[in-house]
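Student:
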Amino acid sequence: MTETSHDADGTDAVDRVLAHAESRTTALSFGAAQALQDAATTTGGDTDGEQWDREERAALRRVPGLSTELEDVTEVEYRQLRLENVVLVGVHPQGATEDAENSLRELAALAETAGAVVLDGVLQRRPHPDPATYVGRGKAEELKGIVAAVGADTVIADTELAPSQRRALEDVVKVKVIDRTTVILDIFSQHAKSREGKAQVELAQLEYLLPRLRGWGDSMSRQAGGQVGAGGAGMGSRGPGETKIELDRRRIRTRMAMLRRQIRDFAPARDAKRAERKRNTIPSVAIAGYTNAGKSSLLNRLTSAGVLVENALFATLDATVRRAEAADGRVYTLTDTVGFVRNLPHQLVEAFRSTLEEVADADILLHVVDASHPDPAAQLATVRDVIGEVGARDTTEIVVFNKADLVDADTRLVLRGLAPNSYFVSSRTGEGIEELRAAVEAALPLPAVEVHALVPYDRGDLVSAAHESGHIVSQAHEEGGTALHAYVSERLAAELAPFLLA
Ligand SMILES: Nc1nc2c(ncn2[C@@H]2O[C@H](COP(=O)(O)OP(=O)(O)OP(=O)(O)O)[C@@H](O)[C@H]2O)c(=O)[nH]1
Ligand SMILES: [Mg+2]
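Quick note, the sequence shown lines up with residues 1 to 502 if you use full-length UniProt numbering.
(1) Rounding to the nearest angstrom, what Cα-Cα distance links S426 and N402 in this structure?
(2) Taking the beta carbon of E207 as the centre, do at least 16 other beta carbons fall within 10 Å, making it buried, or is it exposed?
(3) Tell me the DSSP secondary structure of T243 in three-state form.
(4) Excluding the five sequence neighbours on either side, which residues of its own chain have a C-beta within less than 7 Å of the C-beta of G481, listed in chain order?
(5) Tell me, which residues are paired with F424 by DSSP?
(6) What residues match up with V91 in a beta bridge as DSSP calls it?
(7) DSSP state of G234, grouped into three classes?
(8) Three-state secondary structure (DSSP) at I187?
(9) DSSP three-state call for H467: helix, strand or coil?
(10) Does any heavy atom of ligand 2 sit closer than 8 Å to the C-beta of D336?
(11) Work out the CA separation of G470 and I282 for me, nearest whole Å.
(12) Using a beta-carbon distance below 9 Å, is D171 in contact with chain C?
(13) Considering only their Cβ atoms, is the gap separating V86 from A152 smaller than 9 Å?
(14) For the region 287-302 against the region 426-444, are there 3 or more C-beta pairs whose distance is under 8 Å?
(15) Spatial neighbours of A199 within its chain, please: CB distance less than 7 Å, with the 5 preceding and 5 following residues excluded, ordered by chain position.
(16) Going by DSSP, what residue range makes up the alpha helix (DSSP H) through S164?
(17) CB-CB under 8 Å to K176, same chain, minus the five flanking residues each way: which ones, in chain order?
(18) Report the residue from G145, T182 and F340 whose alpha carbon sits nearest the alpha carbon of Q205.
(19) Looking only at DSSP bridge pairs, what is I387 linked to?
(20) Measuring from the CB of Y332, is there a heavy atom of ligand 1 at a distance below 8 Å?
(21) L348: which of E490, S372 and V201 sits nearest, CA to CA?
(22) N292 and T159 - do their beta-carbons sit closer together than 9 Å?
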């Protein structure tokens, strides 16, 4: 512990780390989770397009004890996650207070989305997290008091805890301790709908779990260090013995291999669809952005697609592809994608790589940012990081500040500074949607081949094909047929070959 100034009554003042003392008195005093909107602004959410599976979502509740695989693997804790009354805890270095508070508010939103009631949130200022207990030992004791006082049954740390940290902290606070990664994985597993999505999430969960089998982390690190059996204190003293753990570990590995195979097996179908779109040179637009930014709402606005919109994080996990038509008659696709969040567990980025590759493959990236979010710059950066990671850095990006109905002129000015060539829209009111649509259409790539042709009147099919997939520069009806100046795909150019004008 570094900050050791004391105030008059001898208690740590600066180091009154588990800050927010006043906020402890009442439940939910932590404040609204900021990644979510407040109730006042969510009313009217029903108007953000038709929402076909909202009811279905509400009706889907996990039933305890019905999990299929691995149910006798006692350490598969994520399946037993029943988040209820939670206290959040974070550690931040000096000068990063605001950022830490935003992060903790977002963690609150994540916890609520996962089904928990957030009773309190506390932050400790400290140059580095304690390697043993995450918060300092003394603060862990304080945290124990808070947990008991508010009647919490779970502590969520705003980080990814090392297995040993989690256990040590659990030993002090005497309730279940989980971390941000676990919560995100839990939300993903609640929301995954398609078979592919489910497999991806389960794989990510198992990957996260594997080094966290109780006791296993310890024994493995000893083995790795070549000191098997050395000391031995604590080894096998917690959880099941080595044999059971070995067994669980093997079963998890087998399961993971199966999931990887499954996910690979989905690839051909998706690749085929993508290849088909490419062959027809249908341009694609991917809608990406931070979770809850309004990606699905925007897709609904642009295409009336009926995608689920929810004031919840990670409402969308499956990529939804919709057909749209430009003013010049050209067809293109719009894809809704899974949202991003800061510290998105790398296991998820890995597991969703195939889905994210849809983003990498798109001709245009509609990067949606929630204009009303407290830290839109961080949203932009987070999303761009992930986009870079899946290799879409060079894709044309159009930044869209959504929820413009919630921000004033001053905020717009600030936002404009973050992304000069951006668009302000409101999926709710429709403001700016037409301008955005025009911008997207203008940015669509032109088909590869420029043609001047005279198409006989009995080949009207070629003319309509040019309208649907090509870009018409000019068209005139002449004696011998339709004179066409257009940009078309190579395939259509081949069909037009007999009628080309020199
Ligand atoms: N006020 C306002 N609210 C909006 C607007 N667009 C979306 N929302 C609300 O924002 C919330 C999130 O919208 P979604 O479209 O589900 O967001 P998303 O980006 O698809 O979120 P995930 O799929 O969860 O990542 C919902 O409550 C919407 O009603 C807008 O333009 N104005
Ligand atoms: Mg969505």
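Backbone N, C-alpha and C define an ideal beta-carbon position, used for all residues, glycine too. Keep in mind that this is a model prediction, so the values were computed, not measured.
Tutor: So, from the data block:
(1) If you number the sequence shown from 1, residue 426 lands on position 426. If you number the sequence shown from 1, residue 402 lands on position 402. Straight-line Cα distance between these residues: approximately 5 Å.
(2) Position 207 of the sequence shown, counting from 1, holds the residue named residue 207. Buried, by the Cβ-count rule.
(3) Within the sequence shown, numbered from 1, the residue matching residue 243 stands at position 243. In the structure shown, T243 sits in a helix (DSSP, three-state: H, G or I).
(4) By one-based count along the sequence shown, residue 481 stands at place 481. Excluding sequence neighbours, G481 sits near L454, V455, P456 and Y457.
(5) If you number the sequence shown from 1, residue 424 lands on position 424. BP columns for F424 point to F401.
(6) Reading the sequence shown from its first residue, position 91 is the one you call residue 91. DSSP output for V91 lists Q124 as bridge partner(s).
(7) As a first step, residue 234 is located in the sequence shown; it is residue number 234 there, counting from the start. Unreliable positioning characterises G234 in this predicted model, as indicated by a pLDDT of 45, which lies under 50. The coordinate reading is nonetheless provided below. In this structure, G234 counts as coil in the three-state DSSP scheme.
(8) Mapped onto the sequence shown, residue 187 falls at position 187. Three-state DSSP puts I187 in a helix.
(9) As a working note, residue 467 is residue 467 in the sequence shown. Here H467 sits in helix by DSSP.
(10) Within the sequence shown, numbered from 1, the residue matching residue 336 stands at position 336. Checking the Cβ of D336 against ligand 2 gives yes.
(11) Taking the first residue of the sequence shown as 1, we reach residue 282 at position 282. Taking the first residue of the sequence shown as 1, we reach residue 470 at position 470. So the two alpha carbons sit approximately 9 Å from each other.
(12) No chain C appears in this structure, which consists of one protein chain only.
(13) In the sequence shown, residue 152 corresponds to position 152, counting from 1. In the sequence shown, residue 86 corresponds to position 86, counting from 1. A contact, by the Cβ cut-off of 9 Å.
(14) yes
(15) Taking the sequence shown and counting its residues from 1, the one referred to as residue 199 is at position 199. Closer than 7 Å at Cβ, skipping near neighbours: L259, Q262 and I263.
(16) As a working note, residue 164 is residue 164 in the sequence shown. P163 to V173 is the extent of the alpha helix (DSSP H) around S164.
(17) In the sequence shown, residue 176 corresponds to position 176, counting from 1. Same-chain partners within the cutoff: D153, T154, V155 and E170.
(18) One-based indexing of the sequence shown puts residue 205 at position 205. Residue T182 is the option with its Cα nearest to Q205.
(19) Within the sequence shown, residue 387 is the residue found at index 387, counting from 1. DSSP lists no partner for I387.
(20) If you number the sequence shown from 1, residue 332 lands on position 332. False, no ligand heavy atom lies under 8 Å from that Cβ.
(21) Within the sequence shown, residue 348 is the residue found at index 348, counting from 1. Answer by Cα proximity: V201.
(22) Indexing the sequence shown from 1 puts residue 159 at position 159. Indexing the sequence shown from 1 puts residue 292 at position 292. No, the Cβ-Cβ distance between T159 and N292 is not below 9 Å.
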